[in-house]
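A.B. asks: Have a look at the structure that comes next, please.
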């Protein structure tokens, strides 16, 4: 053990003196005598931290120094995630330090209360424990251990004598009860959880502290024999006075290690069952002839509730054995609020994180029984009964009505009526199983068994407990509390009235407006859409979501007459070279509005739907600002990038249809896309004929400006894209140079030479774009830098794209314009700044007339309202981030990576993920980070965050993400200076083969399986995203055309009473019915004033049989939260070192788990499609 904080010393800061008493002298004497600087010592042990009061140091009084040492000790325990033990021996707060020392009381309550949320806190109530010490800590511990012979109280005996008895010792002695202010009296009142001799303290602490390493493990269950129900059995037999009691079974089943304090009617133990630590709770009858023996008291129920909460904190299973006719109905129990005690016990059982299994071994009576029998699994021996009230109690209440208060007749029939009522209430095990109240009937007790001998029935009960442990042991984090709740809800029995008939009877809906659901015909698409709405409604029924209105304030502008002087009109009538000439001859700069694509990708992970985007496009068109002479608008970026992926994957939309509709609304405005060179809009390289057809089809569907880039500025990777646009379309080719800051690898000369290389290779290129993905170009460097670029780019105009993550990019934009940049990317104010582009309205405000300013503000109002509709989908950025200069994450990636963190359960580690992103970039040798290379850096950052490793650990990792391995092997090309050699050595290098052109006719036959008569657009989508496209086709068949639903209904469904319009239907949600036994829920709507029902089968997660690694043997361990997508080997296969065994996908991160050694795959514990968690066992090698 190691002493902590030994240098903290008490201080006479008040210069305290009282007559001859000097605090300074008292301190000096105490320090000399105890060899301590203050009254508390703290030691760090292997498995806990312990702070102890020293009564020899000024009576163990609590002063400022002692409080500070406790604060530091508690924080150290929290940091190390180990238990904190506090041993008291104190007279109270140190009076020599005045009110300053008094502050220790709220401080201790606060820090111990906070510590209890995560750590185990144990208080040892030593001799003495008084005053502010007892008043501040005795309620802030998970377990309180009382020591025999200790004095415990608040006010000291002298204070009581002088305050209450005017100093009269004789009078006080007459009045006080025996045991006043003793630990024995506190134990009688159940203030302690344990009450022991001081000599047994260390053994008890060892027993408790060993529980923190508990894991639920698999058992070898006994062979179960079937139960036969005795037809002649009645409830009186379970009260046989020779029957075994719960304690008799417990001694046969469990090793009883330590007993907690309780009331004697409810016994609580720390126990073991087959070496599995657990909490055992059982009812106990001292005397079977005493009718009140075994009836729980408020003290007992409160102790049981506290025990199960302790079990939840320690990950201990709880087992209960119940044989009681109920709770004690005595005056003293009522004085102690029996009802509140049972309610508290039920609440504690309901919310504990522990697995609970309960067995009724005799009588299960009323709330007193269910208070400790509401388990995840409940069994009963065949000679038992379980009821809301005893038959005698029920007959006593009902008999008065049956016999019209004829007392004698009621008495004469009492015995038979009790038997009859028990049958009517179905309180026997056979009936209870049918009702779902019991899971299992356990045979017993046998005719020759009694309290002294009950081994056979004990073995069967033990087998039940172990079987349930196996059934529910999946993982320690399983939501046992929710499972208990769902189990109990399934027991409920009820019926429902037809709502239409009921509503008519009370006049809620006019009769003339009501038709039965069968009398109205609906088309198939409408039925699918209604099922989608109902499903979303059920999924989000517990969320309080009310999105703001989309109403825009101000004048609504009408569509303007086209002046035909736009860049789009020039392209359509004269061609791309004339557009370039138009730009160069203009004395102003132009704007690309990115709000329709990159801006909402950067803020909302590209989640905006076509319906809202087209509304915004129409509003912008109606302002007339797109069509006026010398319009500031060059283009709207509305396609490409992540649009393809998210439209299919998340929005159930066809991205090609989005493009066509944009062109319908904006025929004379240039539509622009971002294309990733050989990667098109995907994350891997594709054959030349795929890229060529993709560009041709994009142009045919309405695309005008192709912004082409490569993740490494490799012109060879852009060749097919550039030459297709220039030679096979009449569209604008804009080639990007990706900017990643200035350093020893990427300097001004690098970027200048890259533009010269582009101009020499493709003299006919139309525009050159500097693509600053992360917003790294600072304003003070922009003018000179762009001046150099413009000189070598002429006559190609320069287009500047950036992100405002740092908050400085508006200034950089203005410097770029000053230097002669012709086009800049801006976003409407409501979707600008942070990880998006700089603000459009703010940048050009002074360039517009007052009327045009109002028009753009009106346009921005729509985006502002729309953003609020998606407020729950935003990324975590809410202020400029200067650390972007360190991690260099592209603005368009931030929102996507944040969503991946959430999906992988890493939301709380987002800050660490950004640090790991920077480390991943360093690992690859500081590369250009833009899709798809930025995705690989993000994959590696997520991998590091999930596994909690650092950069130096990566060189020893065998199971790197698939994308990282392929990246290093050159699937996306290579940085112009290559990867570091240490990185290249990690994976086996492969010769990159030329992608062979695909046979579209063969692929068309494959695509026909998923959509009828596929066009080239569908074939290309299938090639780019095969799994995503297949799932999209499947979802369309299930959900119908949901793209016209309002935002709130698409995301969250409907609220009760809410009314929406869909096509020609007015839809209102009337009610959500309770769940049926098969987990079906019915949503009831009014559709055009007709009742319409939708039944939704709620998905119930069946317990998965996941095993956790033990650290023994050659285990194959899972490192991430995800889904098994592939199992590459079979049980019994001989595998080599590095052989692929399992493929796991987590969000978009794909990991192949390989063999760490040669051997035989002896065990496989997962299957394709199964969810897995970090630390679970995938297989075992031998």
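Residue numbers (our numbering): 0 to 1181.
For every residue, glycine included, the Cβ atom is placed at its ideal position computed from N, Cα and C.
Since we're looking at a predicted model, the values are computed, not measured.
1. Figure out for me which residue from 302, 766, 1176 has the closest Cα to the Cα of residue 343.
2. When you compare only the Cα positions, how much space is there between residue 1133 and residue 1111?
3. To which residues does DSSP link residue 970 through a beta bridge?
4. Residue 194 and residue 155: beta carbons closer than 8 Å?
5. Look up residue 1250 in the DSSP assignment and say whether it is helix, strand or coil.
6. How should residue 998 be labelled, buried or exposed, when 16 other C-beta atoms within 10 angstroms of its C-beta is the threshold for buried?
7. Using the Cα positions of residue 514 and residue 1088, report the straight-line distance between them to the nearest angstrom.
8. For residue 797 and residue 686, I'd like the C-alpha separation in whole angstroms.
9. Grouping DSSP H, G and I as helix and E and B as strand, with all else coil, what is residue 1002?
10. Which residues does DSSP list as the beta-bridge partners of residue 359?
11. Are residue 51 and residue 72 close, meaning C-beta to C-beta below 8 Å?
12. Hey, would you say residue 625 sits closer than 8 Å to residue 668, going by beta carbons?
13. For residue 489 and residue 469, I'd like the C-alpha separation in whole angstroms.
14. Alpha carbons only, please: which of 761, 927, 75 is nearest the one belonging to residue 745?
15. For residue 517, count neighbouring C-beta atoms within 10 Å of its own C-beta (all shown protein chains included) and say buried if the count is 16 or more, exposed if not.
16. Work out the CA separation of residue 308 and residue 349 for me, nearest whole Å.
17. Determine the closest residue to residue 1137 out of 1152, 1131, 1130, 1129, with distance taken between C-alpha atoms.
18. Which residues mark the beginning and the end of the alpha helix (DSSP H) in which residue 337 is found?
19. Starting from residue 733 and walking both ways along the alpha helix (DSSP H), at which residues does that stretch end?
20. Figure out for me which residue from 1081, 709, 68, 1172 has the closest Cα to the Cα of residue 640.
21. Going by beta carbon distance, what residues of the same chain come within less than 6 Å of residue 681, once the five residues before and after it are set aside?
22. How is residue 314 classed by DSSP in three states: helix, strand or coil?
23. Which ranges does the alpha helix (DSSP H) cover as unbroken runs of at least 4 residues, wholly within the segment 44 to 74, from first to last along the chain?
24. If we count the other Cβ atoms within 10 Å of its Cβ and call it buried at 16 or more, is residue 0 buried or exposed?
25. Are the beta-carbon atoms belonging to residue 675 and residue 889 less than 8 Å from one another?
26. Does the Cβ of residue 533 have 16 or more other Cβ atoms within 10 Å, making it buried, or fewer, making it exposed?
27. To the nearest angstrom, how far is the alpha carbon of residue 143 from that of residue 207?
28. Can you check whether the CB of residue 840 is closer than 8 Å to the CB of residue 814?
29. For residue 838, is the classification buried or exposed, using 16 other Cβ atoms within 10 angstroms of its Cβ as the cut-off for buried?
30. Count the other C-beta atoms from every protein chain shown that fall within 10 angstroms of the C-beta of residue 98, then say buried if there are 16 or more, exposed otherwise.
31. Closer than 7 Å to a non-hydrogen atom of the ligand NAP - does that hold for the CB of residue 104?
32. What residue range is occupied by the uninterrupted alpha helix (DSSP H) comprising residue 19?
33. List the endpoints of the continuous alpha helix (DSSP H) containing residue 127.
34. From residue 165 to residue 157, what does the alpha carbon distance come to, in whole angstroms?
35. Nearest to residue 356 by alpha carbon, out of 465, 911, 182?
36. In chain order, what residues of the same chain have a beta carbon less than 8 Å from the beta carbon of residue 484, not counting five sequence neighbours either side?
C.D. replies: On the basis of the coordinates in this document:
1. As a position in the chain shown, residue 343 is number 344, starting the count at 1. Shortest Cα-Cα distance from residue 343 to any of 302, 766, 1176 involves 302.
2. For the purposes of this step, residue 1133 is taken as the residue at position 1134 of the chain shown. For the purposes of this step, residue 1111 is taken as the residue at position 1112 of the chain shown. Rounded to whole angstroms, the separation of the alpha carbons of residue 1111 and residue 1133 is 20 Å.
3. Position 971 of the chain shown, counting from 1, holds the residue named residue 970. DSSP output for residue 970 lists 972 as bridge partner(s).
4. What you label residue 194 is simply residue 195 of the chain shown in a count that begins at 1. What you label residue 155 is simply residue 156 of the chain shown in a count that begins at 1. In this structure, residue 155 does not lie closer than 8 Å to residue 194 by Cβ.
5. Lying outside 0 to 1181, the shown extent of the chain, residue 1250 is not represented and no answer is given.
6. The residue you call residue 998 lines up with position 999 of the chain shown. Burial call: exposed.
7. Within the chain shown, the letter at position 515 stands for residue 514. Within the chain shown, the letter at position 1089 stands for residue 1088. Its pLDDT being 48, under 50, residue 514 is placed unreliably in this model, and the value from its coordinates should be taken loosely. Rounded to the nearest whole angstrom, the CA to CA distance from residue 514 to residue 1088 is 8 Å.
8. Counting from one through the chain shown, the residue named residue 797 turns up at place 798. Counting from one through the chain shown, the residue named residue 686 turns up at place 687. Rounded to whole angstroms, residue 797 to residue 686 spans 30 Å at the Cα level.
9. Taking the chain shown and counting its residues from 1, one reaches residue 1002 at position 1003. Residue 1002: helix per DSSP, three-state reduction.
10. Here residue 359 refers to the residue found at position 360 of the chain shown. Within the DSSP secondary-structure output, residue 359 pairs in a beta bridge with 321, 379.
11. In the chain shown, residue 51 corresponds to position 52, counting from 1. In the chain shown, residue 72 corresponds to position 73, counting from 1. It is not a contact, given that the beta carbons lie outside the stated cut-off.
12. Stepping through the chain shown from its first residue, residue 625 is reached at position 626. Stepping through the chain shown from its first residue, residue 668 is reached at position 669. Yes, they are a contact pair.
13. The count along the chain shown starts at 1 and reaches residue 489 at position 490. The count along the chain shown starts at 1 and reaches residue 469 at position 470. The C-alpha of residue 489 lies about 22 Å from the C-alpha of residue 469.
14. Walking along the chain shown from the start, residue 745 turns up at place 746. Measuring from the Cα of residue 745, the nearest candidate turns out to be 927.
15. By one-based count along the chain shown, residue 517 stands at place 518. With a pLDDT of 49 at residue 517, under the threshold of 50, the modelled position of this residue cannot be trusted; read the value that follows with caution. Exposed, because fewer than 16 other Cβ atoms sit within 10 Å of the Cβ of residue 517.
16. Taking the chain shown and counting its residues from 1, one reaches residue 349 at position 350. Taking the chain shown and counting its residues from 1, one reaches residue 308 at position 309. If you draw a straight line from the Cα of residue 349 to the Cα of residue 308, it comes to about 10 Å.
17. Here the question's residue 1137 lines up with position 1138 in the chain shown. Considering only alpha carbons, the answer is 1152.
18. Indexing the chain shown from 1 puts residue 337 at position 338. Where residue 337 is concerned, the enclosing alpha helix (DSSP H) starts and stops at 337 to 350.
19. If you number the chain shown from 1, residue 733 lands on position 734. Annotation: residue 733 is outside any alpha helix (DSSP H); the continuous beta strand (DSSP E) that includes it extends over 731 to 737.
20. If you number the chain shown from 1, residue 640 lands on position 641. Nearest option by C-alpha distance: 709.
21. Translated into positions along the chain shown, residue 681 becomes position 682. The residues 1023, in chain order, have a CB closer than 6 Å to that of residue 681 in the same chain once the five nearest residues on each side in sequence are set aside.
22. Locating residue 314 in the chain shown gives position 315, counting from the first residue. Coil.
23. Those alpha helix (DSSP H) runs which fall completely within the segment 44 to 74 and span 4+ residues do not exist here.
24. Taking the chain shown and counting its residues from 1, one reaches residue 0 at position 1. By the neighbour-count criterion, in which a residue is buried when 16 or more other Cβ atoms sit within 10 angstroms of its Cβ, residue 0 is exposed.
25. One-based indexing of the chain shown puts residue 675 at position 676. One-based indexing of the chain shown puts residue 889 at position 890. Taking 8 Å as the Cβ cut-off, residue 675 and residue 889 do not qualify as a contacting pair.
26. Walking along the chain shown from the start, residue 533 turns up at place 534. By the 16-neighbour rule on beta-carbons within 10 angstroms, residue 533 is buried.
27. The residue given as residue 143 occupies position 144 in the chain shown. The residue given as residue 207 occupies position 208 in the chain shown. Going by the C-alpha atoms only, they are around 12 Å apart.
28. Along the chain shown, read from residue 1 onward, the residue named residue 814 stands at position 815. Along the chain shown, read from residue 1 onward, the residue named residue 840 stands at position 841. No Cβ-Cβ contact shorter than 8 Å links residue 814 with residue 840.
29. In the chain shown, residue 838 corresponds to position 839, counting from 1. Under this definition residue 838 is a buried residue.
30. Residue mapping note: residue 98 aligns to position 99 of the chain shown, counting from 1. Around the beta-carbon of residue 98, fewer than 16 other beta-carbon atoms lie within 10 Å, marking it exposed.
31. The ligand NAP is absent from the structure shown, which contains no ligand whatsoever.
32. For the purposes of this step, residue 19 is identified with residue 20 of the chain shown, where counting begins at 1. Taken as a continuous stretch (DSSP letters only), residue 19 belongs to no alpha helix (DSSP H), as it is neither H nor E.
33. Working through the chain shown from its first residue, we reach residue 127 at position 128. The continuous stretches of alpha helix (DSSP H) do not include residue 127, which lies in the beta strand (DSSP E) extending over residues 120 to 128.
34. The residue given as residue 165 occupies position 166 in the chain shown. The residue given as residue 157 occupies position 158 in the chain shown. Distance between the alpha carbons of residue 165 and residue 157 is about 10 Å.
35. The residue given as residue 356 occupies position 357 in the chain shown. Comparing C-alpha distances from residue 356 to each of 465, 911, 182 shows the shortest one belongs to 465.
36. Mapped onto the chain shown, residue 484 falls at position 485. For residue 484, where only same-chain residues beyond five positions count, the Cβ hits under 8 Å are 349.
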